[in-house]
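Trainee:
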DNA sequence: AAATATATTATTGTATACAATCCAAAAAAG
DNA sequence: CTTTTTTGGATTGTATACAATAATATATTT
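Chains as they are written, first to last, in the numbering used here: chain F, 471 to 693; chain V, 471 to 693.
#1: DSSP state of residue 670 of chain F, grouped into three classes?
#2: Anything in the segment 603 to 625 of chain V with a Cβ closer than 7 angstroms to a Cβ of chain F? List those residues in chain order, please.
#3: Residue 537 of chain F touches chain V at which residues, Cβ-Cβ below 9 angstroms?
#4: Does the Cβ-Cβ distance between residue 628 of chain V and residue 488 of chain V come in under 8 angstroms?
#5: Taking Cβ positions, are residue 561 of chain V and residue 612 of chain V nearer each other than 8 angstroms?
#6: From the DSSP secondary-structure annotation, give me the bridge partner or partners of residue 698 of chain V.
#7: Would you say residue 563 of chain V reaches chain F, if we count a Cβ-Cβ gap shorter than 8 angstroms as a contact?
#8: Give the interface partners of residue 521 of chain V over in chain F, defined as CB-CB distance under 7 angstroms, in chain order.
#9: Between the alpha carbons of residue 645 of chain V and residue 510 of chain V, how many angstroms are there, rounded?
#10: Any heavy atom of the ligand PLP closer than 7 angstroms to the Cβ of residue 558 of chain F?
#11: Say whether chain V places a C-beta atom closer than 8 angstroms to the C-beta of residue 680 of chain F.
#12: Quick one: which residues of the segment 546 to 557 of chain F get their C-beta closer than 9 angstroms to a C-beta of chain V? List them in chain order.
#13: Excluding sequence positions up to five away, which residues of its chain have a Cβ less than 8 angstroms from the Cβ of residue 665 of chain F?
#14: What does residue 514 of chain F touch in chain V if you count any residue whose Cβ is under 9 angstroms from its own?
#15: Helix, strand or coil for residue 605 of chain V, going by three-state DSSP, please let me know.
#16: Given residue 527 of chain F, which residues of its chain have a CB within under 6 angstroms of its CB, disregarding the five upstream and five downstream residues?
#17: Beta-carbon within less than 8 angstroms of residue 548 of chain V's beta-carbon, same chain only, minus the 5 sequence neighbours each way: which residues are those?
#18: Using alpha carbons as the reference points, say which of V/476, V/482, V/662 lies closest to residue 507 of chain V.
#19: Quick check: residue 601 of chain V and residue 617 of chain V, are their CB atoms within less than 8 angstroms of each other?
#20: Ordered along the chain, which non-local residues of its own chain (more than five positions away) have a Cβ less than 7 angstroms from that of residue 579 of chain V?
#21: Would a C-beta distance cut-off of 8 angstroms place residue 490 of chain F and residue 535 of chain F closer than the cut-off?
#22: Which one or two residues does DSSP pair with residue 525 of chain F in a beta bridge?
#23: Which residues does DSSP list as the beta-bridge partners of residue 495 of chain V?
#24: How about residue 608 of chain F and residue 676 of chain F: do their beta carbons lie closer than 8 angstroms?
#25: According to DSSP, is residue 507 of chain F part of a helix, a strand, or is it coil?
#26: Who are the Cβ neighbours of residue 418 of chain V in its own chain at under 8 angstroms, not counting the five residues just before and after it?
#27: Apart from the five residues on each side of it in sequence, which residues of its chain come closer than 8 angstroms, Cβ to Cβ, to residue 662 of chain F?
#28: Taking the alpha carbon of residue 736 of chain F as the reference point, which residue from F/597, F/658, F/565 has its own alpha carbon closest?
#29: Near residue 485 of chain V, which residues of its chain fall below 6 angstroms by C-beta distance, leaving aside the five closest residues on each side in sequence?
#30: If you draw a straight line from the alpha carbon of residue 503 of chain V to that of residue 513 of chain F, how long is it in whole angstroms?
#31: Taking Cβ positions, are residue 653 of chain F and residue 570 of chain F nearer each other than 8 angstroms?
#32: Should residue 482 of chain F be labelled buried (16 or more other beta-carbon atoms within 10 Å of its own) or exposed?
#33: Taking only beta-carbon positions, decide if residue 692 of chain V is within less than 8 angstroms of chain F.
#34: Going by C-alpha distance, which of V/473, V/474, V/581, V/531 is nearest residue 494 of chain V?
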């Protein structure tokens, strides 16, 4: 892996794991010193992160970690809601015993991270569950899109996550094991439905300041 | 608009309009001379184009216009097939008379470009029809994704397009007016179905065939 | 003459210097 | 004391110099 790639991954990791919270400034000289390279390489990485919406660059003012707007937050999850459930039938077609084992291993790691209150690891591994699953659908263009959406989701959670969603790292609404059981059963319809409700549940758990009391759905709240 | 942005758009335009065919080399010094800026700005643009899969950069060998693999070609269209029809119901919800007028204007321009055998303009305007429609769904994250897929489609057509699909710029399989009529009628089901068949038809018209490379005068092309 | 080795050339990779811009603090005016 | 102006420092934007690498051409050897 190239030098730039390593720096890119390290900074991205720090962002999605909430070690660099939204709004954090990312000065080029500080970073170049920290990574032991010149500003040139850092600038390349920062521009890439900007294209992928992880940082915002303002001319003559530099880069800072993106603080997603409420609108962006909803759009990211709506995108996942549109794409991820649709991928499930293709995933099921390729589903093998070894996949099941692999993903059950991931879930174990998820549990472990949560038990140890390892927030950073928990976020990383939970995102991995989703985008590695998407990869099984066999379309790398869509897989790359979903992977980016998962990382952006982590940023959204950092900005708008509830206590529970941060503690359960955006997936407190059920256990990924349930999905794996459905996949093993081969129930395509149920798998798709589960994924849909899973993502809607996370989206619903976001706290959006613009949400006033009149917009609360009491039917859903009390049922 | 910033200087880089202008250069980016010009090169991207040249690529999607098939003025820089797949495989064309893009040497930094030639481009910096043509645009009258240093290599620094050119490199930034080339790296962006690489992230978006319009060019491929090989270490110490530089950039060249991406020649999509057959696999990539199919994946791009499968992605559009998964996303675009799904957006149509949201598009219909926002559909207004003024939208209809606007898109009928676009179709007129499409016809005009085709009649004048203006291949470049035809490609551009046809892509615009699709991604401006996607924008009406009200999700900018998905809209940006579709826009990129439309541009990548142009590249795919450059590599694998049939004579008819190039002549009709990937949309010989029917007229976009049909879709507009369905939208005006408000038939959500039919709109979605039309878009699905439309994209499947284009995908089906792709074929495997080589393409040759030639020497390009960058000064002339960009000045 | 064929094959290998070497030298040359062209092109990209990286660091750095300098210019342009913005921000904040201090000085001057009202 | 408040407001405006100015000045200094910090940070990014851009160009360029030099190093590293790959491709090509030339020379040498078998």
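Using N, Cα and C, we set each Cβ at its ideal position, and we do this for glycine too.
Mentor: In brief:
#1: helix
#2: 609, 610, 611, 612, 615
#3: What residue 537 of chain F touches in chain V: nothing, since even the nearest Cβ is about 16 angstroms away.
#4: yes
#5: no
#6: Because chain V is modelled from 471 through 693, residue 698 of chain V falls outside the range shown and cannot be assessed.
#7: no
#8: 518, 521
#9: 44 angstroms
#10: Absence of the ligand PLP from the depicted structure is noted, as is the absence of any ligand whatsoever, leaving it without description.
#11: Since pLDDT at residue 680 of chain F reaches only 48, below the 50 mark, its modelled position is unreliable, and no value is offered.
#12: 546, 548, 549, 552, 553, 556, 557
#13: 554, 555, 558, 649
#14: 513, 514, 517
#15: helix
#16: 520, 533
#17: 673
#18: V/476
#19: yes
#20: 595
#21: yes
#22: F/535
#23: V/534
#24: no
#25: coil
#26: Missing from the structure shown is residue 418 of chain V; chain V here goes from 471 to 693 and no further.
#27: 555, 556, 558, 559
#28: Residue 736 of chain F lies beyond the stretch modelled for chain F, which goes from 471 to 693, so this question has no answer here.
#29: 524, 535
#30: 23 angstroms
#31: yes
#32: buried
#33: no
#34: V/531
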